[in-house]
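Position in the sequence shown (first residue = 1) + 73 = the working numbering.
Here's the structure, in structure tokens; my notes come after.
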Amino acid sequence: MDTKEFIRLALEEDVASGDYSTLASIPPTATGKATLKIKEDGILAGLDIARDIFYYLEPEARFEWHKKDGDTIVYGDVAFEVSAHVHTILKAERLVLNCMQRMSGIATLTRTYADKIKGYRSRILDTRKTTPLFRRFEKEAVRIGGGYNHRMGLYDMVMLKDNHIDYCGGIRAAITQTQDYLKAHNLDLKIEVETRNLDDVKEILATGGIHRIMLDNYKPELITEAVALIDGQYETEASGGININNIEQYAATGVDFISIGALTHHAVSLDLSLKAVI
Numbered sequence: 074m075d076t077k078e079f080i081r082l083a084l085e086e087d088v089a090s091g092d093y094s095t096l097a098s099i100p101p102t103a104t105g106k107a108t109l110k111i112k113e114d115g116i117l118a119g120l121d122i123a124r125d126i127f128y129y130l131e132p133e134a135r136f137e138w139h140k141k142d143g144d145t146i147v148y149g150d151v152a153f154e155v156s157a158h159v160h161t162i163l164k165a166e167r168l169v170l171n172c173m174q175r176m177s178g179i180a181t182l183t184r185t186y187a188d189k190i191k192g193y194r195s196r197i198l199d200t201r202k203t204t205p206l207f208r209r210f211e212k213e214a215v216r217i218g219g220g221y222n223h224r225m226g227l228y229d230m231v232m233l234k235d236n237h238i239d240y241c242g243g244i245r246a247a248i249t250q251t252q253d254y255l256k257a258h259n260l261d262l263k264i265e266v267e268t269r270n271l272d273d274v275k276e277i278l279a280t281g282g283i284h285r286i287m288l289d290n291y292k293p294e295l296i297t298e299a300v301a302l303i304d305g306q307y308e309t310e311a312s313g314g315i316n317i318n319n320i321e322q323y324a325a326t327g328v329d330f331i332s333i334g335a336l337t338h339h340a341v342s343l344d345l346s347l348k349a350v351i
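In structure tokens:
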């Protein structure tokens, strides 16, 4: 789904047959200005989608940036000013705020994690634990906050998780069948395999032909062992049970990536407000 289609569907959900509060109280020819005011400290994200929402409704609207995505913001800051028909401003208001508040909350939480492991080689990854149909914007917010995207969906990377392995009959079978499938269908996709213990890691190393090994729900000391065992043959990723209080311990293991679902499913929206300029 592209941005225009997302905006169309989101406005259809909210406006439906009409914004009757505005239609009843404001002349259609009235024009005005509004500013996005910051009411909570954090990291700003979502300016592009905010601008696109206003332009979708009124291509001639004027959008003036006062901040940029990724900026550190504090209470009282103004992120942007928009000039347009009042009907446009009021119709766009809630969608703009919903998008920017959500994205800014994710960017703020991601920055907190990223700052915690500055100086380590590990990179923070997001997951597919996202809001349906809003994933691309949430993953953009992760990047703005200093994290990295894992995969966008089921289509751009193979990840053989515990259920795949169990249904398939084991790690070796899952890997070899995947390799055969990709070759038969001429698909150039990286393969990641989830492990539950060091024996799983050893079996993957004996099988080969993959790109990344996920170390799921390992304690930091066990990840250190696994990273030494893998010895740079494949990328490594730590996952499961990692939070802001222990992430530095995981980064200290030398693991390449640390994936954290909480970046998107535990983020709290940042408090922002769109206010009329009178």
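Quick reminder that beta carbons are idealized off the backbone N, C-alpha and C, glycines included.
Here the structure is a predicted model, which is why all the values come from computation and not from measurement.
Straight-line gap, residue i to residue j (C-alpha atoms, nearest Å)
i: LYS256; j: GLU85; result: 43 Å
i: VAL88; j: LYS164; result: 7 Å
i: GLY313; j: GLY334; result: 9 Å
i: ASP92; j: ASP229; result: 40 Å
i: GLU211; j: ARG201; result: 10 Å
i: ALA349; j: THR204; result: 30 Å
i: GLN174; j: HIS284; result: 36 Å
i: SER90; j: GLU276; result: 59 Å
i: LYS77; j: TYR129; result: 7 Å
i: LEU345; j: ASP150; result: 10 Å
i: TYR291; j: LEU271; result: 10 Å
i: ARG81; j: LEU227; result: 25 Å
i: LEU343; j: TYR240; result: 41 Å
i: MET74; j: ARG124; result: 18 Å
i: ILE244; j: ALA340; result: 34 Å
i: GLY242; j: ILE320; result: 33 Å
In DSSP terms, what residue i is bridged to
i: LYS77; result: None, per the DSSP bridge assignment.
i: ASP144; result: DSSP lists no partner for ASP144.
i: VAL300; result: For VAL300, which the question treats as bridged, DSSP gives no partner whatsoever.
i: GLY218; result: None, per the DSSP bridge assignment.
i: ARG196; result: PHE330
i: ILE315; result: Paired residues: none, contrary to the question.
Buried or exposed (CB count within 10 angstroms, at least 16 for buried), residue i
i: VAL147; result: exposed
i: GLY218; result: buried
i: GLY119; result: buried
i: MET176; result: buried
i: LEU96; result: exposed
i: HIS223; result: buried
i: GLU137; result: exposed
i: GLN306; result: exposed
i: ALA83; result: buried
i: GLU294; result: exposed
i: ALA246; result: exposed
i: THR102; result: exposed
i: GLU131; result: buried
i: ILE351; result: exposed
i: GLU213; result: buried
Neighbourhood of residue i by C-beta distance below 6 Å, restricted to the same chain and skipping five residues each side
i: ALA324; result: ILE190, TYR193, SER195
i: ALA311; result: LEU288, ILE296, TYR323, VAL328, ILE331
i: LYS263; result: MET230, HIS284
i: LEU233; result: ALA247, VAL266
Nonlocal neighbours in the same chain, by C-beta distance under 8 Å from residue i, ignoring five residues either side
i: ASP261; result: LEU255
i: ILE317; result: THR185, TYR186, LYS189
i: ILE303; result: VAL274, LEU278, ILE286, THR309
i: ARG135; result: VAL155, SER156, ALA157
Beta-carbon spacing of residue i, residue j below 8 Å
i: THR280; j: ILE238; result: no
i: GLY220; j: LEU198; result: yes
i: LEU182; j: ASP142; result: no
i: ILE179; j: THR337; result: yes
i: HIS391; j: ILE99; result: Lying outside 74 to 351, the shown extent of the chain, residue 391 is not represented and no answer is given.
i: VAL300; j: THR268; result: no
i: GLU265; j: VAL231; result: yes
i: ILE126; j: ALA152; result: no
i: GLY282; j: GLN250; result: no
Residues of its chain near residue i, where Cβ-Cβ distance is below 7 Å and the 5 sequence neighbours each way are ignored
i: ASP114; result: ILE146, VAL147, TYR148
i: ILE162; result: GLY105, ALA107, VAL155
i: LEU347; result: ALA107, LEU109, GLU166, VAL169, LEU170
i: GLU298; result: LEU271
Residue i: CB within 7 Å of a non-hydrogen atom of the ligand SAM
i: ASP304; result: In terms of ligand content, the structure shown is empty, and the ligand SAM therefore cannot be addressed.
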